[in-house]
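So the sequences go chain by chain: A and B.
Residue numbers for the first sequence, in this note's numbering: 368 to 760.
Residue numbers for the second sequence, in this note's numbering: 79 to 354.
Note that the Cβ used here is the ideal one computed from N, Cα and C, for glycine as well.
Note that the structure is a prediction, hence the values are computed from the model and not measured.
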Amino acid sequence: MKPVYLDNNATTQVAPEVLEAMLPYFHELYGNPSSMHSFGGQVMKQVRKARDRVAALLGASPEEIIFTSCGSESDNAAIRSALSSYPDKKHIVTSRVEHPAVRALCAHLATRGYRVTELPVDSEGRLDLEQYRKALTPDTAIVSLMWANNETGVIFPIEKAAEMARERDILFHTDAVQSVGKIPINLADTCIDMLSLSGHKLHAPKGIGVLYLRKGTKFSPFLIGGHQERGRRGGTEATPSIIGLGVAAELAQKKMDFENTFVKGLRDRLENTILSIVSNTKVNGDRVNRLPNTTSISFEFVEGEGILLMMDEYGICASSGSACTSGSLQPSHVLRAMGVPFTMAHGSIRFSLSVYNTDEEIDFVIEKLPPIIETLRGMSPYWKMGAQACREA
Amino acid sequence: MWDYTDKVKEHFLNPRNVGEIEDADGVAEVGSIACGDALKFTFKLDENGRIKDAKFKTFGCASAIASASAMTEMIKGMTVEEASKVTNQDIANYLGGLPQEKMHCSVLGREALERAITYYKGAPIKAEEEKIVCECFGVTEKEIERAIRENRLTSVEEVTNYTKAGGGCGNCHPLIQEIIDRVVSQIGETPFERPKLSNIRKIKMIEETLEREIRPALKHDGGDIELVDVVGNRVLVATRGACASCQASNQTLKNFVEVKLRELVLPELVVEEVSA
């Protein structure tokens, strides 16, 4: 059974063009780019090309691109570098809805003498810039805010937030893992100092990431070692993955319009149809300022894990913010921060599409999902009385 | 993805006895939507006092649905007395086991069964008088004590897996630890050294491993081994036959018997030879 893969915010397939470009660098052109011989030197040229391509996607210059192993490493490198570059500043500003790579790191730093402000979001998952402004202090070493949320797709006003940090000489980092390749980004026009991206979210392989570091920004390496990446990140370059990421960046740029027209169209059709067919259903998060590929839909009175496993029987892949799937006993921190009621939070399903999804796949989900919800609601002790209450209301 | 057994998946996809009995003899509602799982359970007795029908409705994950389905299947045909002896472990076993983090689903099933029986007997349910330990999930001290006792739990994490208590804000962790310490000392086990296996289970597993894995190999060389005693993690054995007079038997004990036992029973085991 070929999966209907609608979980692209978790990870994506490696694009065929990316895989093809990578293959020679495993077994034929395996030289070390740092070597003096031309066998290694030719690989260096390809690494350079990849760096140019990534820089072009971000609107950055090539020397501002540092290859890392993943988004989490980039996040760690950015935040830790800011703290060690400004040792007198002990305050971090972030949000309640960050990815664990930032959230858990900040929680860890809070036990190491740093003060962390986690900005709240409203019921639509939006940030209040006034509240943000008030959180910035002379003691603030760094702001780290995600560009787009992985669960809801809600986009934060990152350019504006970065500008406000710059006015106060505070470093600004953004985890842009979900937004790079999906929405246009031109870092040259912004005040963003550091940005994290992850290869496997944009059809490059797992195990490759990038930290963008604005020219002139103080930096202290996270991984100390050789002279690679201009001494900013030790370790022999993962040449096949870097080259793959270069191709993926170029593809993403070419397909940006397609993503924001066709993929967005698929997402909207899925969302609107499900909402109109299935009662007691709601979209989580701001539907206007949102990634084109993501929708988080809550089905009242059912539990997300059941929905996922029943969809799994048809090969439909999605994810949920429910407690049962989160590995903890509470629903996702993002939905809780938004104040989504329990009746809704436990039954939330995230569909995240990619340029490889088709109209047929969306039709298939629209056909299979409503009966699943009906079956599970038929089993739910809350369903009848819940529906009753809604009618009365 | 959870590692569910085929039986859990089967009961989730084809749950038995979904619904509600109108004129039920026993009725119970446990859990809440805020906590993420809830179960409504009803049963009806026949003229001989045996459970003729049982039905459930569940809001919860796959293992909650499967646990309720399993529980209703298990108790059909039982007397109320027999059904009252069903434990959460029985429900989990019926399903071929549940992931540790999901054991609370089997506890929810047992709770519903127990409350429905209490309802049938006409005894009052005094839930509101019980002391709540975990505010996030509304878990009472009694429920925690019972889970510790019945499942020989020794850590806060395990208590969370079985009862959900402590799975939210975490403020009650010290309180849960106190309850563990108290109950564990009551049932006569040291609170700090966590025996993953009860002694009886451990000895049984050692015997089985000797029988299945070790004896046949030794017998092949004309030797044999006998389990004399198990003291803590010391496995006291006596060698027999060719082994008893073999110069290399010490090597065999360490490199073969001990390695096997550590692999299959418990990594802390030490094999010692005694004359018996």
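A/LEU642 (DSSP reduced to helix, strand or coil): One-based indexing of the first sequence puts residue 642 of chain A at position 275. Here A/LEU642 sits in helix by DSSP.
Chain B residues whose Cβ lies nearer than 8 Å to that of A/TYR749: The sequence position of residue 749 of chain A within the first sequence is 382, counting from 1. Result: ILE111, ALA116 and PHE137.
Cβ contact check for the region 451–466 of chain A and the region 508–515 of chain A: 3 or more pairs under 8 Å: yes
Chain-ordered chain B contacts of A/PHE709 [CB-CB under 9 Å]: Against the first sequence, residue 709 of chain A aligns to sequence position 342. Within 9 Å Cβ-Cβ: SER110, ILE111, ALA112, CYS113 and GLY114.
Other residues of its chain near A/ARG758: CB distance less than 6 Å, five sequence neighbours each side excluded: Position 391 of the first sequence, counted from the first residue, corresponds to residue 758 of chain A. Reliability fails at A/ARG758, whose pLDDT of 44 lies under 50, so the model's placement of it is uncertain and no value is given.
6 Å Cβ shell around B/GLU350 - same chain, five flanking residues per side excluded: In the second sequence, the residue the question calls residue 350 of chain B occupies position 272. Excluding positions up to five away in sequence, the list reads ARG312 and LEU314.
Closer than 8 Å to chain B by CB, A/LEU702: Translated into the one-based positions of the first sequence, residue 702 of chain A becomes position 335. Judged by the 8 Å Cβ criterion, A/LEU702 is not in contact with chain B.
8 Å Cβ cutoff met for B/CYS113 and B/SER141: Along the second sequence, one-based indexing puts residue 113 of chain B at 35. Along the second sequence, one-based indexing puts residue 141 of chain B at 63. Not closer than 8 Å, so no.
Helix, strand or coil at A/ILE610 according to DSSP, with G and I counted as helix: Stepping through the first sequence from its first residue, residue 610 of chain A is reached at position 243. Helix, per DSSP.
First through last residue of the beta strand (DSSP E) which encompasses A/THR478: The count along the first sequence starts at 1 and reaches residue 478 of chain A at position 111. Taken as a continuous stretch (DSSP letters only), A/THR478 belongs to no beta strand (DSSP E), as it is neither H nor E.
Local Cβ density within 10 Å of B/VAL343, reported as buried at 16 or more and exposed below that: In the second sequence, the residue the question calls residue 343 of chain B occupies position 265. It counts as buried.
Stretch-stretch touch, CB-based, cutoff 8 Å, three pairs: the region 471–489 of chain A with the region 664–681 of chain A: no
Neighbour flag for A/MET705 against chain B, beta carbons, 8 Å: As a position in the first sequence, residue 705 of chain A is number 338, starting the count at 1. It does not; no Cβ of chain B falls within 8 Å.
Rounded C-alpha distance that separates A/ASN660 from A/VAL669: Along the first sequence, read from residue 1 onward, the residue named residue 660 of chain A stands at position 293. Along the first sequence, read from residue 1 onward, the residue named residue 669 of chain A stands at position 302. Rounded to the nearest angstrom, the two C-alpha atoms are 24 Å apart.
Inter-residue CB distance, A/ASP560 and A/GLY426 (contact presumed, cutoff 8 Å): The residue you call residue 560 of chain A lines up with position 193 of the first sequence. The residue you call residue 426 of chain A lines up with position 59 of the first sequence. Going by Cβ atoms, the distance from A/ASP560 to A/GLY426 rounds to 14 Å, so no, they are not a contact pair.
Rounded C-alpha distance that separates B/GLY155 from B/SER147: Looking up residue 155 of chain B in the second sequence gives position 77. Looking up residue 147 of chain B in the second sequence gives position 69. Whole-angstrom Cα-Cα distance: 15 Å.
A/LEU676 at chain B interface by Cβ criterion, 8 Å: The sequence position of residue 676 of chain A within the first sequence is 309, counting from 1. Judged by the 8 Å Cβ criterion, A/LEU676 is in contact with chain B.
Same chain only: Cβ atoms within 7 Å of B/GLU341, ignoring 5 sequence neighbours per side: Residue mapping note: residue 341 of chain B aligns to position 263 of the second sequence, counting from 1. None.
Buried versus exposed call for A/HIS518 [16 or more other C-beta atoms within 10 Å across all chains shown]: Your numbering for residue 518 of chain A matches position 151 in the first sequence. According to the sequence provided, residue 518 of chain A is Glu. The question's His does not apply to it. A/GLU518 comes out buried.
Cβ-based burial, A/ARG597 [other Cβ within 10 Å; buried from 16]: Position 230 of the first sequence holds residue 597 of chain A. Exposed: under 16 other Cβ atoms inside 10 Å.
Distance between A/SER689 and A/SER436 (C-alpha atoms, nearest Å): Position 69 of the first sequence, counting from 1, holds the residue named residue 436 of chain A. Position 322 of the first sequence, counting from 1, holds the residue named residue 689 of chain A. C-alpha separation (whole angstroms): 29 Å.
Contact set between A/LEU450 and chain B, taken where Cβ atoms lie within less than 9 Å: By 1-based counting over the first sequence, the position of residue 450 of chain A is 83. Within 9 Å Cβ-Cβ: nothing; A/LEU450 doesn't reach chain B, min ~26 Å.
A/LYS673 at chain B interface by Cβ criterion, 8 Å: One-based indexing of the first sequence puts residue 673 of chain A at position 306. It should be noted that the sequence gives Gly, not Lys, for residue 673 of chain A. Output row for A/GLY673: interface = yes.
Interface flag, B/LEU173 vs chain A, CB-CB below 8 Å: As a first step, residue 173 of chain B is located in the second sequence; it is residue number 95 there, counting from the start. Cβ-Cβ to chain A under 8 Å: no for B/LEU173.
6 Å CB neighbourhood of A/GLN755 in its chain, flanking five on each side removed: For the purposes of this step, residue 755 of chain A is taken as the residue at position 388 of the first sequence. Residue placement at A/GLN755 is flagged as unreliable, the pLDDT there being 48, under the threshold of 50; the coordinate-derived value follows with that caveat. Within the same chain, A/GLN755 has no close Cβ partners at all.
Neighbour flag for A/LEU373 against chain B, beta carbons, 8 Å: Stepping through the first sequence from its first residue, residue 373 of chain A is reached at position 6. No - not a single Cβ of chain B is within 8 Å of the one on A/LEU373.
Selected residue, minimal CA-CA separation from A/GLU672, among B/ILE258, B/GLN255 and B/LYS180: Counted from its first residue, the first sequence places residue 672 of chain A at position 305. Among B/ILE258, B/GLN255 and B/LYS180, the Cα nearest to that of A/GLU672 is on B/LYS180.
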